[in-house]
Amino acid sequence: MAVSKDLRKNVMILRAQIAHHNELYHGQDSPEISDAAFDELLRKLKEIEAKYPELIEESSPTQIIGSGFTTFDPVTHRVPMTSLDNAMDTNELQAWGERLVKGLGNVAMRFACELKIDGLALSIRYENGVLVQAATRGDGKVGEDVTANILTISVVPKKLVSSSGKKIPSVLEVRGEVYMSIAAFENLRVAKQNENEKRVTEGKKPETVPANPRNAGAGSLRQKNPAITATRELSFWAYQLGEVVGAPNFSSHTETFDYLRDLGFPINAEAKTVDSLTQVVEFVEKCEANRHKLDYEIDGVVVKLDDLAQREQLGFTARAPRWAIAVKFAPEERNTILKNISVSIGRTGRATPFAELEPVVLSGSTVSMATLHNREQVQLKDVRPGDTVVVRKAGDVIPEVVGPVLALRPKNSKPWKFPTTCVCDLKSTFVQLEGESDTRCVEPECPFQRDQRIIHFASRGAMDIEGLGEKNSFLRYLTKTSSPISVICIH
Ligand code: IVH
Numbered sequence: 001m002a003v004s005k006d007l008r009k010n011v012m013i014l015r016a017q018i019a020h021h022n023e024l025y026h027g028q029d030s031p032e033i034s035d036a037a038f039d040e041l042l043r044k045l046k047e048i049e050a051k052y053p054e055l056i057e058e059s060s061p062t063q064i065i066g067s068g069f070t071t072f073d074p075v076t077h078r079v080p081m082t083s084l085d086n087a088m089d090t091n092e093l094q095a096w097g098e099r100l101v102k103g104l105g106n107v108a109m110r111f112a113c114e115l116k117i118d119g120l121a122l123s124i125r126y127e128n129g130v131l132v133q134a135a136t137r138g139d140g141k142v143g144e145d146v147t148a149n150i151l152t153i154s155v156v157p158k159k160l161v162s163s164s165g166k167k168i169p170s171v172l173e174v175r176g177e178v179y180m181s182i183a184a185f186e187n188l189r190v191a192k193q194n195e196n197e198k199r200v201t202e203g204k205k206p207e208t209v210p211a212n213p214r215n216a217g218a219g220s221l222r223q224k225n226p227a228i229t230a231t232r233e234l235s236f237w238a239y240q241l242g243e244v245v246g247a248p249n250f251s252s253h254t255e256t257f258d259y260l261r262d263l264g265f266p267i268n269a270e271a272k273t274v275d276s277l278t279q280v281v282e283f284v285e286k287c288e289a290n291r292h293k294l295d296y297e298i299d300g301v302v303v304k305l306d307d308l309a310q311r312e313q314l315g316f317t318a319r320a321p322r323w324a325i326a327v328k329f330a331p332e333e334r335n336t337i338l339k340n341i342s343v344s345i346g347r348t349g350r351a352t353p354f355a356e357l358e359p360v361v362l363s364g365s366t367v368s369m370a371t372l373h374n375r376e377q378v379q380l381k382d383v384r385p386g387d388t389v390v391v392r393k394a395g396d397v398i399p400e401v402v403g404p405v406l407a408l409r410p411k412n413s414k415p416w417k418f419p420t421t422c423v424c425d426l427k428s429t430f431v432q433l434e435g436e437s438d439t440r441c442v443e444p445e446c447p448f449q450r451d452q453r454i455i456h457f458a459s460r461g462a463m464d465i466e467g468l469g470e471k472n473s474f475l476r477y478l479t480k481t482s483s484p485i486s487v488i489c490i491h
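Quick note: the sequence shown uses this note's numbering, first residue 1, plus one each step.
Right under this line is the structure:
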């Protein structure tokens, strides 16, 4: 089939979009779109290129990794740091399994299953047992020299010592993921928010607070001043080898893990080797169900063939190894449009701002509203109707607006102002007491408060009245007429 002009144009647009987002993600650590949205763009491009191979160019993002943007000294990786292909569901994992059988024949296979840590890939080089260089992945061929910053991470061995008395190799490159734990991220976030509160009271603009541990980790790793990185409590998991000279010959990934553990590298304890794809699926399901019990963020599971000879046989595509795949979890964070900010009234009169969103699917469910907590939070996050915002729903937790994507803010947008009067027909003036973060409606007759009191009264924890609850009361926000609950109660 001939390639139409429109299709060529679409491909060019897709490539430009991917290059732009690659640059923001790898170069500036400030992504505008979620990983899922980025993967989707790449998938679309791959699909078209698979159908029309004549459109493939060496410069296409499907053929290269990362953006190549560097501000630190460049480091050429002696062994390239490739990316991984993704499987978005079990069918895609099975399809990978079929490709393995095609390449290797019907042989026994063992699969090393590891958590996919949501951090930054790093290659650490040791010469005669001494850490001499640490580099980011960059575009896979050339990364950035972040040695001074990595030396501040306590869990990274600076000098190799074998606990079983093994010989130290003359060259050993250990690859793994630098990440910020959730606890460290919370500490950083609280510190930044306190700084911002101070800035706001001094009439200064609040500074951007990192949206998630990954962004916080990336920002910390790329600090020009290692003293700042040292305060950020970064961590590291080792998961792969790069260049190696003078180490024993390993026959399996499991053996390399044993070796790395022996040399003092942190190896994630959740890693497990299994015998079949059915067991891989079980591992993935268990990890996804338990992901929030961990003190670090993961966004999937990486599955690797355990046998190194089998890996050798399969080799690499232009972008990734054929012997490994990343099974991605349903995304928990996405960008969407903030259509409006409204205020809901609780049973004690507390006025809680919430975001009305262009619906997005997060953690497998559609989210169209998210809490904004209180007046200060809206001010500090400076989210405005019309903004593209990052929304997050982690597991069963209430969806939250993380912050605006400033690069996509419409011109002429104005900061949102908290209403001065209650949303109810009585229009009583809101009150915020000195030193309190909550704003309240103090009108005892406020029908919204009354509805919430009735809901509370009828709830499972109190009188447990079936058929009387939030759903009925919510009609009130939609119709703004008299409360359906009060009608039920009066009769
Ligand atoms: S192995 C040749 N193992 O995922 C294989 N990668 O999407 C190289 N990642 O660039 C990667 N956890 O930053 C591997 N247990 C793990 C991982 C992992 C997270 C990251 C890594 C890589 C990206 C690919």
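Every residue gets a Cβ at the ideal spot worked out from N, C-alpha and C, and that includes glycine. The model shown is predicted, which means the values in this text are computed figures rather than measured ones.
Alpha carbon to alpha carbon, what distance is there between serine 30 and lysine 141?
In the sequence shown, counting from the first residue as 1, residue 141 sits at position 141. In the sequence shown, counting from the first residue as 1, residue 30 sits at position 30. Those two C-alpha atoms are separated by around 22 Å.
Classify proline 331: buried if its beta carbon has 16 or more other beta carbons within 10 angstroms, exposed otherwise.
Sequence index remark: in the sequence shown, residue 331 carries index 331 (1-based). Flag for proline 331 reads buried.
Which runs of the beta strand (DSSP E) at least 3 residues long sit entirely within the region 151-238? Give them in chain order.
171-180
Suppose only complete runs of 3+ residues qualify. What are the beta strand (DSSP E) ranges in the region 400-459, listed by chain order?
400-404, 439-441
Which same chain residues end up closer than 7 Å to aspartate 275 when comparing Cβ atoms and leaving out the 5 residues on each side of it in sequence?
The residue labelled residue 275 in the question sits at position 275 within the sequence shown. Within the same chain, aspartate 275 has close Cβ partners Arg110.
Beta carbon of isoleucine 182: closer than 6 Å to some heavy atom of the ligand PLP?
Because the ligand PLP does not appear in the structure shown, any question about it cannot be addressed here, the ligands present being the ligand IVH.
In this structure, does DSSP put tryptophan 96 in helix, strand or coil?
Mapped onto the sequence shown, residue 96 falls at position 96. Helix, per DSSP.
What residues in its chain sit with their C-beta under 6 Å from that of alanine 247, if we drop five residues either side in the sequence?
Translated into positions along the sequence shown, residue 247 becomes position 247. Excluding positions up to five away in sequence, the list reads Pro169.
Taking the alpha-carbon positions, what's the leucine 314 to threonine 82 distance?
Here residue 314 refers to the residue found at position 314 when the sequence shown is read from its first residue. Here residue 82 refers to the residue found at position 82 when the sequence shown is read from its first residue. Cα to Cα, leucine 314 sits roughly 15 Å from threonine 82.
Counting only the same chain and skipping the five closest in sequence on each side, list residues whose C-beta sits under 7 Å from that of valine 327.
Indexing the sequence shown from 1 puts residue 327 at position 327. Around valine 327: Ala87, Leu93, Val284, Gly300, Val301, Val303.
Can isoleucine 124 be considered in contact with the ligand IVH, in the sense that its beta carbon sits closer than 6 Å to one or more heavy atoms?
To locate residue 124, count along the sequence shown from 1; it is residue 124. Incorrect: isoleucine 124 has no Cβ contact closer than 6 Å to the ligand IVH.
Give the secondary structure of tyrosine 52 by DSSP, where H, G and I count as helix, E and B as strand, and everything else as coil.
Translated into the one-based positions of the sequence shown, residue 52 becomes position 52. In the structure shown, tyrosine 52 sits in coil (DSSP, three-state: anything other than H, G, I, E or B).
Determine the DSSP secondary structure at glycine 242, reduced to helix, strand or coil.
Taking the first residue of the sequence shown as position 1, residue 242 is located at position 242. Glycine 242 falls in the strand class under three-state DSSP.
Based on the DSSP secondary-structure assignment, which residues constitute the bridge partners of threonine 509?
With the chain represented from 1 up to 491, any question about residue 509 goes unanswered, as that position is not in the structure.
Any contact of the region 402-421 with the region 226-239, i.e. 3+ C-beta pairs under 8 Å?
no
Whole-angstrom Cβ separation of leucine 338 and glycine 97, contact assumed at under 8 Å?
For the purposes of this step, residue 338 is taken as residue 338 along the sequence shown, with counting starting at 1. For the purposes of this step, residue 97 is taken as residue 97 along the sequence shown, with counting starting at 1. 42 Å between Cβ atoms; not a contact.
Which same chain residues, not among the five before or five after methionine 369, have their C-beta less than 8 Å away from its C-beta?
In the sequence shown, the residue the question calls residue 369 occupies position 369. These residues qualify, in order along the chain: Phe354, Ala355, Glu356, Leu357, Pro399.
Give a single yes or no on whether serine 83 has its beta carbon closer than 6 Å to a heavy atom of the ligand IVH.
Counting from 1 along the sequence shown, the entry for residue 83 is found at position 83. Yes.
Between the Cα of alanine 121 and those of Lys102, Gly143, Gly129, spot the shortest distance and give me the residue it belongs to.
Against the sequence shown, residue 121 aligns to sequence position 121. Minimum Cα distance to alanine 121 is reached at Gly143.
Can you check which of these residues, Gly264, Asn22, Val178, Cys441, is closest to aspartate 425 by C-alpha distance?
On the sequence shown, residue 425 is found 425 positions in, with the first residue counted as 1. That would be Cys441, whose Cα lies nearest to the Cα of aspartate 425.
In the structure shown, what three-state DSSP assignment does serine 67 receive?
For this step, residue 67 is matched to residue 67 along the sequence shown. Reliability of the predicted coordinates at serine 67 is poor, the pLDDT of 40 falling under 50, and no value is obtained from them.
Alpha carbon to alpha carbon, how far is glutamate 434 from serine 483? Give it in angstroms, no decimals.
Looking up residue 483 in the sequence shown gives position 483. Looking up residue 434 in the sequence shown gives position 434. The predicted position of serine 483 is uncertain, since its pLDDT is 45 and thus under 50; a value taken from the coordinates is nonetheless stated next. Cα-Cα distance, rounded: 32 Å.
State the DSSP-derived secondary structure class of tyrosine 296, mapped to helix, strand or coil.
Start at 1 with the first residue of the sequence shown, and residue 296 comes out as number 296. Looking at tyrosine 296 - three-state DSSP - the assignment turns out to be coil, as it is neither helix nor strand.
Is lysine 328 near the ligand IVH, judged by its Cβ being under 6 Å from some heavy atom?
The sequence position of residue 328 within the sequence shown is 328, counting from 1. No, the Cβ of lysine 328 stays beyond 6 Å of every heavy atom of the ligand IVH.
May I have a chain-ordered list of the beta strand (DSSP E) segments no shorter than 3 residues that lie completely inside the region 275-342?
Qualifying beta strand (DSSP E) stretches, in chain order: 298-305, 324-328.
Please say whether tyrosine 296 and serine 220 have beta carbons closer to each other than 7 Å?
Taking the sequence shown and counting its residues from 1, one reaches residue 220 at position 220. Taking the sequence shown and counting its residues from 1, one reaches residue 296 at position 296. In this structure, tyrosine 296 does not lie closer than 7 Å to serine 220 by Cβ.
Helix, strand or coil, according to DSSP, for asparagine 91 in the structure here?
Against the sequence shown, residue 91 aligns to sequence position 91. Helix.
Under DSSP, the alpha helix (DSSP H) around arginine 375 begins and ends at which residues?
The sequence position of residue 375 within the sequence shown is 375, counting from 1. Run containing arginine 375: 375-381, per the alpha helix (DSSP H) assignment.
Determine contact between the region 172-191 and the region 122-130, defined as no fewer than three beta-carbon pairs at a distance below 8 Å.
yes
Relative to the C-alpha of aspartate 139, which residue among Pro80, Pro213, Val132 is closest?
As a first step, residue 139 must be located in the sequence shown, where it is residue number 139. For aspartate 139, the nearest C-alpha among the options comes from Pro80.
When we look at the beta-carbon of asparagine 91 and count the other beta-carbons within 10 Å, is it buried (16 or more) or exposed?
The residue labelled residue 91 in the question sits at position 91 within the sequence shown. When all chains shown are included, asparagine 91 counts as exposed.
What are the partner residues of threonine 388, as DSSP defines its beta bridges?
For the purposes of this step, residue 388 is taken as residue 388 along the sequence shown, with counting starting at 1. DSSP lists Ile337 as partners of threonine 388.
What span of residues does the alpha helix (DSSP H) with methionine 12 cover, start to end?
The sequence position of residue 12 within the sequence shown is 12, counting from 1. Looking at the DSSP string, the run of the alpha helix (DSSP H) that includes methionine 12 is 5-22.
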